Amino acid sequence: MMFLKLAWRNIWRNKRRTMITVSAIIFAVLAAVFMQSMNRGSHEMMIDNMVRFHTGYVQIQDFRYQEESSLDNAFLFTEDLREKLQHIEPRLEGVIPRIETYMLAGNDHATRGAMVLGIDPDKEHLLNGIRNHVSQGRFFEADEQKAVITEGLARRLELQVGDYLLLLGQGRFGMSANALVEISGIVRHPIREMNLQTVFLPLQEAQFILSAEEHVTALLLLPERERHATRIASVLNNKVQDDELIAYVWPELIPELLQLLEFDLVGAYFMSAVLYLVIGFGFFGTVLTMTLERLHEFGVLISVGMKRSKLAIILFLETIFISVIGVILGILCSYLLILYFHINPIELTGDIAEMIVEMGWEPYLPMSFAADQFYTQGFIVFIIAMIVFLFPMLKVMKLNVLEAMRY
Amino acid sequence: MYNPDTVPVHALKDVHVSFEKGEFTSIVGPSGSGKTTLLNMLGGLDKPTSGSVEIDGMDISKLKDSALIDFRLKHIGFVFQHYNLIPVFTALENVAFIMLLQNRPKEEMNARATSLLEMVGLGERLEARPAQMSGGQQQRVAVARALASEPKFILADEPTANLDSESAMNLLDIMEKMNREQDVTFIFSTHDQRVIDRAKRVIKMVDGSIAEDVTIQA
Amino acid sequence: MKMIFTIAWRNIWRRPARSGVLLASIIIGLWAGVVAVGTMNGMMNQRVNYLIDSEITHLQIHHPEFLTERRPSDMIPNVEEIRAFLRTQPEVVSYSTRSLSDGMLQSAVKASGVRIRGIDPELEQQTTTFYRNMVEGEYLSDTFRNPVIVGQAMANDHHLRLGDRIVLTFEGLNGQLTSTAFNIVGIFRSASSDFDTFNVFVHSDDMNRYLGAEGIVHEMAVLLTHADFSSEVTTRLNEQFSGIEAQTWQELSPELSTIVELSGLMLFIITLVIMAALAFGILNTMLMALFERMREIGMLISIGMSRKKVFSMILLESLLLTLVGALLGLLLAWLSISYLSVNGVNFGMFAEGIAELGWDHIVFPVLTSAEYVSILVLVASVSLLSAVYPAFKAIRIHPLEASKGLT
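Quick note, the sequences are listed as chains A, B and C, same order.
First residue of the first sequence? That's 75 in my numbering, and the numbers climb one at a time after it.
First residue of the second sequence? That's 2 in my numbering, and the numbers climb one at a time after it.
First residue of the third sequence? That's 624 in my numbering, and the numbers climb one at a time after it.
Structure below.
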């Protein structure tokens, strides 16, 4: 107990020295969190877009659909099924139906392959706010017979709001599927590949065209909380097997993207390692000088009779205090910093900005606000500090008292 | 020289004193008597709250910082209790250093430094660094350095405090010799009786004021 | 002046431990910065080259309207002349000609939108490395009539095997849709399963026959000796021929360019962060060291060393240290990069995902001299700036505070 008091007072005895050391730690945490946040920012954004616009957090399909993704493997979706799902898993905020297939889309003189999605606009909006992405015209209502196409497709086919879109393809069980639909609006889709080739139709209209009334190819689920996704999927899987349905969690549906991001992370880890190295050296310099400064003091203490081991313990406690204070303050400061960037993201300008906008993203540098990065980076910096601060303790154990007094 | 000072706050109270060239004076008193503060004022290291410090007619308490530093360089010599020397320089270099700061020509510097060191009896140790010298030797080098700048007077704060008897005697002998032969003015602040015994004038201070000012005619 | 230099120099070596740590910080900072940037560059290069080699090539030539309209009639007008011209260019290694159309693929299972690429297998093999991606069957041999090769992702989706037949539907020159049966003779797998899902390859002779004319070329892909020549040769082509549009690989794959640019930006920011950490470490060490020397500095000011000289002395120390550190660091970095650019860095431990994607797990770091210089400047100025602050602090020392001599 005495040791604790002594260690604590020692720290405040020389404010300047403590301030310098603590500020080094705070800065280290700031740098580490900032780097982490930047590295993960774009990943999170990509995944977020994928999940909200493509896979959903959990997706229910007919169990045969993954193998053979044709309309023949669409399943019946009625209010009964919706209620049943809601009953099994009350934590669902939304059940978003989709029917999906490839068709040829065209104007009067050209055609293109396009992905046709029959959707419920209100439900879809719940998941990804699609109505906000309309750049011209407006989104259709569920009961209308209109189409909304993506910007890329509109450009390729030279179509505008009010023009008619031709759709040719195959419906369920080989039935021929054609339609001529008026375009009510044009959207900008944040996933580039989809922005080039997607047509949205009201669900009922699509089902009609594809001879697939009341059927859907997938149900995208929006849970109340993102992190419940895995549990929800397993709960559902237990209960819907009899309906010949299967529930997937989103990572299962985009393994390739995840792998790509993993590879990216390698570079990021490497850079983080470099940062830690530099931080470590910075700490070491500070600590070394501090130790040299205090050698006289140590010498005095040992010569008047304090055991080296006791002194080492006090130093250790001082280290813990300083490190903990530094890390906690560091986490707080970095939280504020990232919060600031979250609200005021760094704007990209010039060529880069143009390219980014072309790709359908906002021209800002995305930064992650995930909670875990604060603790993990703080913890890592703490460990680095503790390792480096071992030095003064070692020095004390081997201190030559006479030499020390000369300082 | 003439310097009265009046310092109502902290250390000095209403002190009026003056010094003449060629003095060998001790300022004595217990801790807290203000002797160190007085010495600091004389050296321009501290400024009086009211009053002035005049050296040969110039009031140094009114000088700006850089002018003050320059004044010290040219006109005042210092011998501190410890940490007098530049650790990375040899004895010769330490003495020459002050002349370098004064921009004296190189040949003159080295020649003079050598002769000064010989005067203090360290002719053999020109190339030694402070770490290789004893306390007494270091102080002697300090004296040589203080002399090198040809100051109006030399201020010494407890110069013998860390020395053994023999070194202390040696040092005092040298300083006395300088004083006698070359009219170098020395003003000490000291507890050391050996120094007090050799002084030609003793100023006793108590609680920030001068209690006694005795000049010994000898 | 020489005296101050001497003091500064000797002061550095008086405290070998502290100077050593500072020196090490600068050296490590420099080395780390250089190796990190080099490695990231290497990784980026690899990605870019992989894509160029297997798909995009260094530049492509199209009819100006083809890229937006994609009409079959947007052919390259004077193919023979262009061929002749290309043969005269020293930077050109080879080229291939392709006819392209966007259409639909129909199998027993379903229909999908596809890009149909009619190629000349021999020319293609000389120009791209794509043929290495074959996992089954042959690269468009002549054994079957109307051969086609499809991506593995597509094959899985449609349950296709070698020997199966599919129907390709696309628009002919006369504006009519034409459907023809093709036989699957091979299956490929590239680094992008998106690519595999969307592209099929047929023989250009067959394609042209169904398009309605001979010798139709929509796209010429050119392989150069080095990617850097891309802009030059492209400009030459554009100047020489008016009816076409030649584009560099950057223009062709804005996605890739964006990734490269964005990564460059992020790398820059990361380097700044690391440099900031370095600066802070050095700053702290120097501050600590300064306070340790207060007495000495106080003494110097007392005996009459002007503050300007004191400032110069402290600054000079930092300068010398920085110079030595920077030179050594640069040397070490240059040696490392020279070694690594030949032997590569083995990212083997992260290799699983990477090999799947078709990328090599050995990365060759590389740096332009401009990058070397900018890192050097960054490190040097950072070290210097973080040394100036303590120097400023030093000159404001009051001799009495510091000097325990006259007190």
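Where a beta carbon is used, it is the ideal one built from N, C-alpha and C, also for glycine.
Treat the numbers as computed from the prediction; the structure is a model and nothing was measured.
Reduced DSSP secondary structure (H/G/I, E/B, other) of L939/C: Here the question's residue 939/C lines up with position 316 in the third sequence. Residue state, collapsed to three classes: helix.
Can you tell me whether L895/C is buried or exposed? The criterion is at least 16 other CB atoms within 10 Å of its CB, across all chains shown. The count along the third sequence starts at 1 and reaches residue 895/C at position 272. Exposed, by the Cβ-count rule.
Check your understanding: Is it buried or exposed for G424/A, if we count other Cβ within 10 angstroms and need 16 for buried?
Key -> Counting from one through the first sequence, the residue named residue 424/A turns up at place 350. It counts as exposed.
Note to self: Taking the straight line between their C-alpha atoms, what separation do you get for V215/B and M170/B?
What the structure shows: To locate residue 215/B, count along the second sequence from 1; it is residue 214. To locate residue 170/B, count along the second sequence from 1; it is residue 169. The straight-line gap from Cα to Cα measures roughly 23 Å.
query: Got a sec: is the Cβ-Cβ distance from Q729/C to anything in chain A below 8 Å?
result: What you label residue 729/C is simply residue 106 of the third sequence in a count that begins at 1. Yes, because at least one Cβ of chain A sits closer than 8 Å to the Cβ of Q729/C.
_If you reduce the DSSP assignment to three classes, tell me which class V1000/C lands in._
Numbered from its first residue, the third sequence carries residue 1000/C at position 377. It is helical.
Q. When you compare only the Cα positions, how much space is there between S730/C and I789/C?
A. Residue 730/C sits at position 107 when you count from the first residue of the third sequence. Residue 789/C sits at position 166 when you count from the first residue of the third sequence. So the alpha carbons of these two residues sit roughly 5 Å apart.
If contact is defined by three or more beta carbon pairs under 8 Å, each pair taking one atom from either stretch, is the stretch 199-208 of chain A in contact with the stretch 825-832 of chain C?
no
Q) To the nearest angstrom, how far is it from the Cα of R146/B to the Cα of I87/B? A) Within the second sequence, numbered from 1, the residue matching residue 146/B stands at position 145. Within the second sequence, numbered from 1, the residue matching residue 87/B stands at position 86. Their backbone Cα atoms lie some 11 Å apart in a straight line.
Q. Which whole-angstrom value describes the C-beta separation of L913/C and K1016/C, a residue pair presumed to lie in contact below a C-beta threshold of 8 Å?
A. Here the question's residue 913/C lines up with position 290 in the third sequence. Here the question's residue 1016/C lines up with position 393 in the third sequence. Indeed they touch by this definition, with Cβ atoms about 6 Å apart.
Could you tell me whether any Cβ in chain C is nearer than 8 Å to the Cβ of S116/B? Counted from its first residue, the second sequence places residue 116/B at position 115. Closer than 8 Å: no.
request  = With DSSP collapsed to three states, give me the class of T291/A.
outcome  = Looking up residue 291/A in the first sequence gives position 217. Here T291/A sits in coil by DSSP.
Which residue's Cα is closest to the Cα of Q133/A: M345/A, F282/A, N311/A, Y322/A? Taking the first sequence and counting its residues from 1, the one referred to as residue 133/A is at position 59. It is Y322/A.
### Message
Between R126/A and chain C, is any beta-carbon pair separated by less than 8 Å?
### Response
Position 52 of the first sequence holds residue 126/A. Not one chain C Cβ lies under 8 Å of R126/A.
- Task: Indicate whether at least one CB of chain C lies closer than 8 Å to the CB of V8/B.
- Result: Locating residue 8/B in the second sequence gives position 7, counting from the first residue. At V8/B the pLDDT is 43, less than 50, meaning the model places this residue with poor confidence; the figure from the coordinates comes in the next sentence. No, V8/B does not count as interfacial toward chain C.
Q) Should N4/B be flagged as near chain C, meaning a C-beta pair shorter than 8 Å? A) Walking along the second sequence from the start, residue 4/B turns up at place 3. The predicted position of N4/B is uncertain, since its pLDDT is 48 and thus under 50; no value can be drawn from it.
Below 7 Å CB to CB, which residues in the same chain sit around S964/C once its five sequence neighbours on both sides are set aside? Taking the first residue of the third sequence as 1, we reach residue 964/C at position 341. So the list reads F987, P988, V989, once near-sequence residues are dropped.
Where N104/B sits in the DSSP three-state scheme
In the second sequence, residue 104/B corresponds to position 103, counting from 1. Reduced to three states, the DSSP call for N104/B is coil.
task: Could you tell me whether the Cβ of D819/C comes closer than 8 Å to any Cβ of chain A?
output: If you number the third sequence from 1, residue 819/C lands on position 196. Answer no: the Cβ-Cβ gap between D819/C and chain A never drops below 8 Å.
ask   = Going along chain C in order, which residues have a C-beta closer than 9 Å to the C-beta of D71/B?
value = In the second sequence, counting from the first residue as 1, residue 71/B sits at position 70. Ordered by position in chain C, the residues that pass the 9 Å Cβ test against D71/B are G927, S929.
* To do: Measure the alpha-carbon distance for F357/A versus L951/C and round it to whole angstroms.
  => As a working note, residue 357/A is residue 283 in the first sequence. As a working note, residue 951/C is residue 328 in the third sequence. Going from the Cα of F357/A to the Cα of L951/C covers about 21 Å.
Alpha helix (DSSP H) segment containing D154/A, residue limits: For this step, residue 154/A is matched to residue 80 along the first sequence. 153-162 is the span of the alpha helix (DSSP H), which, as asked, contains D154/A.
From F753/C, V1005/C, G866/C, T629/C, residue whose alpha carbon lies closest to that of I679/C
Walking along the third sequence from the start, residue 679/C turns up at place 56. With distances taken between Cα atoms, I679/C lies closest to F753/C.
How far does the alpha helix (DSSP H) with I396/A in it reach, from first residue to last? Against the first sequence, residue 396/A aligns to sequence position 322. Here the alpha helix (DSSP H) through I396/A covers 382-417.
Q | Neighbouring residues, chain C, relative to Q271/A (Cβ below 8 Å) | A | Here residue 271/A refers to the residue found at position 197 of the first sequence. Result: G736.
Per-residue DSSP class, three states only, for S719/C: Along the third sequence, read from residue 1 onward, the residue named residue 719/C stands at position 96. Of the three classes helix, strand and coil, the one that applies to S719/C here is strand, per DSSP.
Worksheet item: Would DSSP call F20/B helix, strand or coil?
Response: Start at 1 with the first residue of the second sequence, and residue 20/B comes out as number 19. Of the three classes helix, strand and coil, the one that applies to F20/B here is coil, per DSSP.
**Prompt:** Given a threshold of 16 other Cβ atoms within 10 Å of its Cβ, counted over all protein chains shown, does Q447/A qualify as buried or as exposed?
**Reply:** For the purposes of this step, residue 447/A is taken as the residue at position 373 of the first sequence. Classification for Q447/A: buried.
- Report yes if the C-beta of L339/A is less than 7 Å from at least one heavy atom of the ligand MN; otherwise report no. This structure simply doesn't include the ligand MN, nor any ligand for that matter.
* Which first and last residues belong to the beta strand (DSSP E) in which V773/C is found? -> Start at 1 with the first residue of the third sequence, and residue 773/C comes out as number 150. Counting along the chain, the beta strand (DSSP E) containing V773/C begins and ends at 770-774.
**Q.** Contact list for the stretch 111-142 of chain B against chain C, Cβ threshold 8 Å
**A.** none
Exercise. Taking Cβ-Cβ distances below 9 Å as the criterion, which residues of the stretch 136-159 of chain A are in contact with chain C?
Worked result: E141, E142, S143, S144, L145, D146
Going along the chain, which unbroken runs of the beta strand (DSSP E) with 3 or more residues stay wholly within the stretch 832-863 of chain C? 842-847
By the DSSP assignment, the alpha helix (DSSP H) with G209/B in it spans what residues? The residue you call residue 209/B lines up with position 208 of the second sequence. G209/B -> no alpha helix (DSSP H), and no H or E assigned at all.
Q: Apply the 10 Å Cβ neighbour rule to V169/A and answer buried if 16 or more other Cβ atoms are within range, or exposed otherwise.
A: Indexing the first sequence from 1 puts residue 169/A at position 95. Counting Cβ neighbours within 10 Å, V169/A comes out buried, since at least 16 surround it.
Taking 8 Å as the CB-CB limit, is L74/B close to chain C? Taking the first residue of the second sequence as position 1, residue 74/B is located at position 73. Taking Cβ atoms only, chain C reaches closer than 8 Å to L74/B, which makes this a yes.
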